[in-house]
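**Q** Please see the structure below; I have some questions.
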Amino acid sequence: MKRLLEKLVQQRNPAFKMDEHVTTYVLMQFAWQQLWAVMRGAMLLLYGRNPQWMLRGRAVRFFNLPNIKWGRMLKLGDYVYLSALGKNGIALGHHVSIGSFSRLVVSTSLNHVGEHIVLGNNVGIGEYAYLGGGGGLHIGDDCIVGQYFSCHPENHVQENLEVPIRLQGVTRKGIVIGNNCWIGSKVTILDGVQIGSGCVIAAGAVVTKSFPDNMVIGGVPAKIIRQRA
1 MKRLLEKLVQ
11 QRNPAFKMDE
21 HVTTYVLMQF
31 AWQQLWAVMR
41 GAMLLLYGRN
51 PQWMLRGRAV
61 RFFNLPNIKW
71 GRMLKLGDYV
81 YLSALGKNGI
91 ALGHHVSIGS
101 FSRLVVSTSL
111 NHVGEHIVLG
121 NNVGIGEYAY
131 LGGGGGLHIG
141 DDCIVGQYFS
151 CHPENHVQEN
161 LEVPIRLQGV
171 TRKGIVIGNN
181 CWIGSKVTIL
191 DGVQIGSGCV
201 IAAGAVVTKS
211 FPDNMVIGGV
221 PAKIIRQRA
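Residues 1 to 229 (full-length UniProt numbering) are what the sequence shown spells out, left to right.
What follows is the structure, encoded as structure tokens:
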């Protein structure tokens, strides 16, 4: 049984090897959870969609499902919410994992819909993430992200002191994150930022400007700590 489950997990992670301390009880519980997740994913067949072996957690919700695209073996944790109200919706690559209680929301308003949210292949997002797509959000292949990650690709206009900020509209530039980045927990990325490939962002950083490839970044506001060797 251990070998069979190892083979199944290797479909998502070819480098996976089962730890020798994993007991048969744990394996049976894990297999049961994954079976139910696959069955919940298969229910999308009722909506005319191919789940492609989706692992769907409990109480996962979709808004504007026709505008959501995904690749093989998408894993959605419990209570994940995907809202594809936008010009180009949500596109998720192969072997993407979204942690429980996370929200991917392209737009929150019907009068000024947003652009898109695109995640590449082999992207892992931790629990309680909030990914907005107002000005467009693109996360490249092979990125790993900790819990409580947030991206906000729009800003409120606030120059006019005579008009409430909520009535002044927004500006949108978009956020782009390159391939093979490691982003720690509780990182916030603001509109207009471009992160180069191979970057590491320390936990708790607030990223307000762009950075080139292969940098270690941290702080509030974030700055370069060093270049990766």
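Beta carbons: idealized from backbone N, C-alpha and C, even for Gly.
1. Ends of the beta strand (DSSP E) at Gly218?
2. Figure out for me which residue from Ile117, Gly48, Leu44 has the closest Cα to the Cα of residue 235.
3. Cutting at 8 Å between CB atoms, please list the residues of its own chain near Gln158, excluding the five before and the five after it.
4. I'd like the span of the beta strand (DSSP E) that includes Gly89, first residue to last.
5. Please list the terminal residues of the continuous beta strand (DSSP E) segment that includes Thr24.
6. Could you check if Asn160 is buried or exposed, using at least 16 other CB atoms within 10 Å of its CB as the buried criterion?
7. Residues in the same chain with beta-carbon distance under 6 Å from Ile175, minus the five sequence neighbours each way, listed in chain order, please.
8. Alpha carbon to alpha carbon, what distance is there between Ser97 and Gly41?
9. Would Ala46 pass as a contact of Val60 if the rule is Cβ separation under 8 Å?
10. Measuring straight from C-alpha to C-alpha, what distance separates Asn179 and His95?
11. Are the beta-carbon atoms belonging to Gly124 and Gln147 less than 8 Å from one another?
12. Output the distance between the C-alpha atoms of Gly132 and Asn122, rounded to the nearest integer angstrom.
13. Sorted by chain position, which residues of the same chain lie with C-beta nearer than 6 Å to Val213's C-beta, five sequence neighbours on each side aside?
14. For Arg226, which residues from the same chain have a beta carbon less than 7 Å from its beta carbon, with the 5 sequence-adjacent residues on both sides left out?
15. From Val207 to Ser107, what does the alpha carbon distance come to, in whole angstroms?
16. How would you write the range of the beta strand (DSSP E) that Leu8 sits in, first residue to last?
17. Are the beta-carbon atoms of Gln52 and Met39 separated by less than 8 Å?
18. Could you please give the first and the last residue of the uninterrupted beta strand (DSSP E) stretch that includes Ser83?
19. Do you know offhand how far Ile183's Cα is from Pro14's?
**A** With the given structure in hand:
1. 215-218
2. Because the chain spans 1 through 229 in this model, residue 235 falls outside it and cannot be assessed.
3. Ile165, Gln168
4. 86-92 is the span of the beta strand (DSSP E), which, as asked, contains Gly89.
5. Careful: Thr24 lies outside any beta strand (DSSP E), inside the alpha helix (DSSP H) at 24-42.
6. exposed
7. Leu137, Cys151, Pro153, Ile189, Val193
8. Cα to Cα, Gly41 sits roughly 14 Å from Ser97.
9. The sequence given here places Leu at residue 46; Ala does not occur at that position. The beta carbons of Leu46 and Val60 sit no closer together than 8 Å.
10. Using only the alpha carbons, I get a separation of about 15 Å.
11. no
12. Each residue's Cα considered, the two are about 20 Å apart.
13. The sequence given here places Asp at residue 213; Val does not occur at that position. Gly196, Ser197, Gly198.
14. Val216
15. In this structure, the straight-line span from the alpha carbon of Val207 to that of Ser107 is close to 22 Å.
16. Element bounds for Leu8: not the beta strand (DSSP E) but the alpha helix (DSSP H), 2-9.
17. Met39 sits away from Gln52, with the two beta carbons spaced by 8 Å or more.
18. 81-83
19. For the pair Ile183 and Pro14, the Cα-to-Cα distance works out to about 22 Å.
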